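Sequential numbering from 295 applies to the sequence shown in our numbering. Glycine residues also receive a C-beta, built at the ideal position from the N, C-alpha and C atoms. Given the structure is predicted, the values throughout are model-derived calculations rather than measurements. Heads up: the structure comes next, in structure tokens.
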Amino acid sequence: MITARKEREHSMNQSMNTADIREVVARVVAQTPVTDLHTHLYAPAFGPLLLWGIDEMLTYHYLAAEVLRVSDMPYEAYWALPKKQQAELIWRELFIERSPMSEACRGVLTALDRLGLDMTERDLNTHRDYFMDRRPEDHVDTVLKTANLKCVVMTNDPFDPLERPVWMNGFAGDKRFHAALRLDALLNDWGRACATMREWGYDTEPDLGSKTVAEIRRLLDEWTQRMGALYMAASFPPDFAFPDDSPRGRIIESCVLPAGRDNGVPFAMMIGVKRNVNPALKLAADGVGLSDVDAVARICAQYPDNRFMATMLARENQHELCVTARKFRNLMPFGCWWFLNNPSLIEEMTRMRMELLGLGFVPQHSDARVLDQVIYKWEHSRAIIAKVLADKYADLIATGWPIEENEIARDAARLLDGNFWNFLGRN
Ligand code: HDL
Ligand code: ZN
Numbered sequence: 295m296i297t298a299r300k301e302r303e304h305s306m307n308q309s310m311n312t313a314d315i316r317e318v319v320a321r322v323v324a325q326t327p328v329t330d331l332h333t334h335l336y337a338p339a340f341g342p343l344l345l346w347g348i349d350e351m352l353t354y355h356y357l358a359a360e361v362l363r364v365s366d367m368p369y370e371a372y373w374a375l376p377k378k379q380q381a382e383l384i385w386r387e388l389f390i391e392r393s394p395m396s397e398a399c400r401g402v403l404t405a406l407d408r409l410g411l412d413m414t415e416r417d418l419n420t421h422r423d424y425f426m427d428r429r430p431e432d433h434v435d436t437v438l439k440t441a442n443l444k445c446v447v448m449t450n451d452p453f454d455p456l457e458r459p460v461w462m463n464g465f466a467g468d469k470r471f472h473a474a475l476r477l478d479a480l481l482n483d484w485g486r487a488c489a490t491m492r493e494w495g496y497d498t499e500p501d502l503g504s505k506t507v508a509e510i511r512r513l514l515d516e517w518t519q520r521m522g523a524l525y526m527a528a529s530f531p532p533d534f535a536f537p538d539d540s541p542r543g544r545i546i547e548s549c550v551l552p553a554g555r556d557n558g559v560p561f562a563m564m565i566g567v568k569r570n571v572n573p574a575l576k577l578a579a580d581g582v583g584l585s586d587v588d589a590v591a592r593i594c595a596q597y598p599d600n601r602f603m604a605t606m607l608a609r610e611n612q613h614e615l616c617v618t619a620r621k622f623r624n625l626m627p628f629g630c631w632w633f634l635n636n637p638s639l640i641e642e643m644t645r646m647r648m649e650l651l652g653l654g655f656v657p658q659h660s661d662a663r664v665l666d667q668v669i670y671k672w673e674h675s676r677a678i679i680a681k682v683l684a685d686k687y688a689d690l691i692a693t694g695w696p697i698e699e700n701e702i703a704r705d706a707a708r709l710l711d712g713n714f715w716n717f718l719g720r721n
């Protein structure tokens, strides 16, 4: 009995008290390498597809949308400007004429600051000097180290005319840049995809007969293997339904899900984007809509041997998605996507997920389009994830349950890295 009491006392001495829990959790979370499971980044071998540097950060489509709200410049006049002049307009309007309050603005400053630039300097050209002579390969090393990323997953679209040749010429692979097979073109515009596949030599017909189904399956198998894709993914509009007799629903059921089972790759559904709400905004044109979480529940229930990752774009869908994840072990909710990737909503979602799912979810992905953005997207999210974790550990300590630093490290590694690889079955 004494031994047990002594062990308990020792354990209490080793465990945290609530005063130091916040500092320990913040340090451990900052030190935990991340797998960033959804980005629009590319390995340096993809050449100009990899965006990096201050002018790319400033002309991120989030900031294009913001500057076109405060400037009366006609949309087409903005898009006609050279990228440097677009960046100068954004810097002037959103950083100099106004404090850079939005998350996307603040992010630029966080990234520059962590790269060692002087944020008291407001001359854009001074900041440009830092990037002037850097090699992309070296900058990738610097940024991934600064952001403490283990690796990122790209978004890879075989229908993208710029990206396709890189794969067809035999991309040698880069262990820091994994692939995800993105299927929006196939699933959301079957008519155009059918014609394109015929040009590539696939024997496809619009009516999705058995031969066409087999050819789509061949495309999925070929590209899953060519890319070494960790998962297949697609974004869907708010009216995404399942089951559904549309080409999308039929291709998912007859091609994507059988391929996922046979190839051992999950299907990531990103639901709720209203494409081209304001087409004049180009890449910034998309909006958000309330979606039907029942479609997610039905596909998980009907296909228990498939694994599904899901992220939804409407704040109002998050609680129901969490509850649905409690019902289906083959469903992994992930990230605070796009318009949800803001501190107030990341905190709300992470608290709700932890209270409903414990540590069984993937709290964040960066969605970075510009390499340098991972520095801010992960610093900002880590701080919030650490804050929520510290509160939850404090709640546990208040019950008398001792918490030790190695347990915090274990839990943080699950959230930021292990849950994703375990769900892939690649732990
Ligand atoms: O469809 C997607 O993957 C979205 O993330 C879009 O790319 C969107 O434009 C975006 O970059 N969101 O952060
Ligand atoms: Zn994305």
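Three-state secondary structure (DSSP) at ASP468? ASP468 carries a strand assignment under DSSP once its states are collapsed to helix, strand and coil.
Buried or exposed: which applies to ASN716, given that a residue is buried once 16 or more other Cβ atoms fall within 10 Å of its Cβ? When all chains shown are included, ASN716 counts as exposed.
Given that a residue counts as buried once 16 or more other Cβ atoms are within 10 Å of its Cβ, and exposed if not, what is ALA692? Exposed, since its Cβ has fewer than 16 Cβ neighbours within 10 Å.
Using CA coordinates, which residue listed in ALA578, MET626 and LEU344 is at the minimum distance from PRO598? By alpha-carbon distance to PRO598, the top candidate from ALA578, MET626 and LEU344 is MET626.
What is the residue span of the beta strand (DSSP E) that ILE498 lies within? Here the sequence assigns Thr to residue 498, which means Ile is not the residue at that position. It is not in any beta strand (DSSP E) - THR498 carries neither H nor E in the DSSP assignment.
Look up ILE697 in the DSSP assignment and say whether it is helix, strand or coil. Coil, per DSSP.
Within the 8 Å Cβ cut-off, does LEU650 reach chain C? Protein chain content of the structure displayed is limited to a single chain, and chain C is not contained in it.
Per the DSSP calculation, SER529 is bridged to which residue(s)? Paired residues: MET564.
Using the C-alpha atoms, what's the distance from ASP432 back to ALA441? Using only the alpha carbons, I get a separation of about 14 Å.
Which one of GLY401, GLU360, LEU352 and PHE530 has the shortest CA to CA distance from ALA608? For the residues GLY401, GLU360, LEU352 and PHE530, the minimum Cα distance to ALA608 belongs to PHE530.
DSSP on ASN263, reduced to helix/strand/coil? A query on residue 263 cannot be resolved here, the shown segment of the chain reaching from 295 to 721 and no further.
Collect the residues with a C-beta less than 5 Å away from any heavy atom of the ligand HDL and give them in sequence order along the chain. Qualifying residues, in the order they occur: SER529, TRP632 and ASP661.
Can we say the segment 582-589 touches the segment 495-511, given the rule of at least three CB pairs closer than 8 Å? A contact between stretches requires three or more CB pairs, one per stretch, nearer than 8 Å, and the segment 582-589 fails this requirement with the segment 495-511.
Residue of ASN572, PHE622, ARG408 and ARG416 minimising C-alpha distance to GLN596: Minimum Cα distance to GLN596 is reached at PHE622.
In angstroms, rounded to a whole number, what distance separates the CA positions of MET413 and VAL550? Cα-Cα distance, rounded: 48 Å.
Report all residues from its chain with a CB closer than 6 Å to the CB of LEU710; omit the five preceding and five following residues, and keep chain order. Apart from the 5 residues on each side of it in sequence, LEU710 sits with its Cβ closer than 6 Å to the Cβ of THR326 and VAL328 in its chain, given in chain order.
Based on Cα-Cα distance, which residue from ARG601, LEU406 and GLU493 lies nearest to PHE453? Ranking ARG601, LEU406 and GLU493 by Cα distance to PHE453 puts GLU493 first.
Bounding residues of the alpha helix (DSSP H) (the contiguous stretch that carries ASP685): Where ASP685 is concerned, the enclosing alpha helix (DSSP H) stretches over 667-691.
DSSP state of ALA595 mapped onto helix, strand, coil: Residue state for ALA595 is assigned as helix, using DSSP reduced to three classes.
What are the residues that DSSP puts in a beta bridge with GLY604? The residue asked about is misnamed: residue 604 is Ala in this sequence, not Gly. Beta-bridge pairing links ALA604 to MET563 and PRO627.
Whole runs of the alpha helix (DSSP H) within the segment 357-430, excluding any shorter than 4 residues: Counting only runs of 4 or more, we get 369-374, 377-384, 397-408 and 418-426.
Give a yes or no on whether the C-beta atoms belonging to ASN450 and ALA489 are separated by under 8 Å. Taking 8 Å as the cut-off, the beta carbon of ASN450 is found no closer than this to the beta carbon of ALA489.
Identify, in the order they occur along the chain, each residue of the same chain with its Cβ nearer than 6 Å to the Cβ of GLU387, setting aside the five sequence neighbours on each side. A distance below 6 Å between beta-carbons, with the five flanking residues on each side excluded, links GLU387 to the following residues of its chain, in chain order: VAL361, VAL364 and SER365.
Please state the DSSP three-state secondary structure of VAL274. Given that the chain is displayed from residue 295 to residue 721, the structure contains no residue 274 and the question cannot be resolved.
When we look at the beta-carbon of ILE669 and count the other beta-carbons within 10 Å, is it buried (16 or more) or exposed? Burial state of ILE669 is buried, judged by a 10 Å Cβ sphere holding 16 or more other Cβ atoms.
Nearest-angstrom beta carbon gap, ASP661 and ASN635 [assumed within contact, 8 Å]: With a Cβ gap of about 7 Å, ASN635 and ASP661 count as contacting.
Using the beta-carbon count (16 or more within 10 Å), is PRO376 buried or exposed? By the neighbour-count rule (16 or more Cβ atoms within 10 Å), PRO376 is not buried but exposed.
Residue range of the beta strand (DSSP E) that ASP661 falls in? No residue range can be given for ASP661, since it is assigned to no beta strand (DSSP E) and is classified by DSSP as neither H nor E.
Just curious, the alpha helix (DSSP H) that VAL550 is in, first and last residue? Element bounds for VAL550: n/a, residue is neither H nor E.
Taking all protein chains shown into account, do 16 or more other C-beta atoms lie within 10 angstroms of the C-beta of ASP330, making it buried, or fewer, making it exposed? Buried is the call here.
Cβ shell of ARG544 (< 7 Å), same chain only, five flanking positions each side left out: Within the same chain, ARG544 has close Cβ partners LEU502.
Residues sharing a beta bridge with CYS445, DSSP: Paired residue(s): THR329.
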